[in-house]
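Student: Here you go, one structure.
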Amino acid sequence: MAEKNVIRAPLWLLVLITLSGTLAMHMFVPAMPDAAADLGASMSAMQMTISLYILGLAFGQLVYGPLSDGFGRRPLLLAGLSIYVLAGAAAAFSQSESTLVLARLFQALGGCAGLALGRAIVRDTATGDSAVKDQALLNLIMMAGPGLAPLFGSFLTFHFGWRAVFYALVLLGVFTFLSTWRLLPETGTPTGKVRPAALAADYKALLRSPSFLAYAFGGGCATTAIYSFIAAAPFIVTSDLHRSVQEVGIYLALLIVGLSLGNAATRQLIGRYSLERLLIGGNALSVVAALLLLALTLADMLHIASVTTLMFVFAIGAGIASPAALTKG
């Protein structure tokens, strides 16, 4: 069998490429209260910087893959990183909430290029055991990165202010862009054309599939709730529970650990239970945790320990349900 490509992409560079988009989302979360105070923005406006970021990541991944098949991985990746850097700089120097929200949307649209294309580049440049090892490392980094990012964001915000988060992300983006420019060749076999009609037909078929919609909804609800909590957590922790901004990163890191444990549990349980039972069981665990959290809220008995513990359990349930739903859907 012929080799796919004789030139291997540096693995450390693939890690940076894949991680840059998610780092930008999670690093900014602990800085949101400080950014809101500095810009005179509302909590809802700051939460919009997370909501639109998630939408940008989701939409961009639908576009970059097909475009890269037509025009190549390298030019699309460089274009995405350019947008990522420029949007990060716009966010760092923003003087209004509307500018920050718009910059975050474009930062996501640029950052998701690496998220979409990093794994594709691994498939282009590695085969057999090498491909499995590279993908496994990327999976590990993708789980660990969002857990560590809030800690970095808390540190930068506490010592240097909220804008330092974006300065750091701009530097990361510039380094990744230059490294990609110098070290990453074109790894795909671009066709030179894109067929929008065929792509639209594929997406239309998915949206007409009851099975796909059911599993997407079942697996997506818990994950969506996780990100909703992430958007609100800095304000809950600092304003309602009166904890420091440094602690926000710790609590959010625990949430990501819960998701990772849920994913690990799915890998262990899949041989003994059906995907349907795992999906139902994971969502049931999340629902119980959410109901207990609601009861404590209504009783005005919220405490940082109870919030952290119940959201940790909620995240484990989401971590179990999501991979089961993705596999079936």
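When we follow this note's numbering, the leftmost residue of the sequence shown carries the number 544, and every step to the right adds one.
Beta carbons are placed, not taken as given, at the ideal position from N, Cα and C, and that holds for glycine.
1. Ala632 to Pro728, Cα distance in whole Å?
2. With distance defined between alpha-carbon atoms, name the residue in Thr766, Ala743, Thr730 nearest to Leu605.
3. By a C-beta neighbour count over all protein chains shown, 10 Å radius and 16 as the cutoff for buried, is Phe703 buried or exposed?
4. Taking only the alpha-carbon atoms, compute the straight-line gap between Arg666 and Arg616 and give it to the nearest angstrom.
5. What's the gap between the Cα of Leu600 and the Cα of Ser594?
6. Would you check if the segment 707-717 and the segment 807-823 touch, i.e. whether three or more CB-CB distances between them fall below 8 Å?
7. Spatial neighbours of Ala608 within its chain, please: CB distance less than 8 Å, with the 5 preceding and 5 following residues excluded, ordered by chain position.
8. Below 8 Å between beta carbons: does that hold for Gly688 and Leu795?
9. Out of Met575, Gly657, Ser697, which one is the CA nearest neighbour of Val644?
10. So, under 8 Å CB-CB, Tyr685 and Phe772 are touching, yes? Tell me the CB distance rounded to an integer number of Å.
11. Below 8 Å on the Cβ atoms is my contact criterion, and I expect Val708 with Phe571 to pass it. Report the Cβ-Cβ distance as a whole number of Å.
12. Can the beta-carbon of Thr719 be found closer than 8 Å to that of Ala552?
13. Does the segment 617-624 touch the segment 689-700, meaning 3 or more C-beta pairs lie closer than 8 Å?
14. So what does DSSP say about Met568, is it helix, strand or coil?
15. Measure from the alpha carbon of Leu610 to the alpha carbon of each residue in Ala584, Arg751, Lys736, then state which is nearest.
16. Buried or exposed: which applies to Gln650, given that a residue is buried once 16 or more other Cβ atoms fall within 10 Å of its Cβ?
17. Go ahead and pull the three-state DSSP assignment for Pro733.
18. Quick one: which unbroken beta strand (DSSP E) runs of 3-plus residues sit fully inside the segment 829-862? Chain order, please.
19. Determine the direct distance from the alpha carbon of Thr592 to that of Leu652, and round the result to whole angstroms.
20. Is it true that the CB of Tyr710 sits closer than 8 Å to the CB of Ala630?
21. Given this structure, state the Cα-to-Cα distance separating Leu834 from Trp724, to the nearest angstrom.
22. Provide the residue span of the alpha helix (DSSP H) that contains Pro576, from first to last.
23. Using three-state DSSP, classify Pro553 as helix, strand or coil.
24. Give the straight-line distance between the Cα atoms of Leu554 and Thr840, rounded to the nearest whole angstrom.
25. Over the uninterrupted alpha helix (DSSP H) stretch that includes Val606, give me the two end residues.
Tutor: Based on what the coordinates show:
1. 27 Å
2. Ala743
3. exposed
4. 12 Å
5. 10 Å
6. no
7. Residue identity check: residue 608 is Gly in the sequence provided, not Ala. Ala659, Leu660, Ala663, listed in sequence order.
8. no
9. Met575
10. Note that residue 685 is Met in the sequence shown, not Tyr. Their Cβ separation, rounded to whole angstroms, is 20 Å, which puts Met685 and Phe772 out of contact at 8 Å.
11. 5 Å
12. no
13. no
14. helix
15. Lys736
16. buried
17. coil
18. none
19. 13 Å
20. no
21. 50 Å
22. 575-582
23. coil
24. 46 Å
25. 586-614
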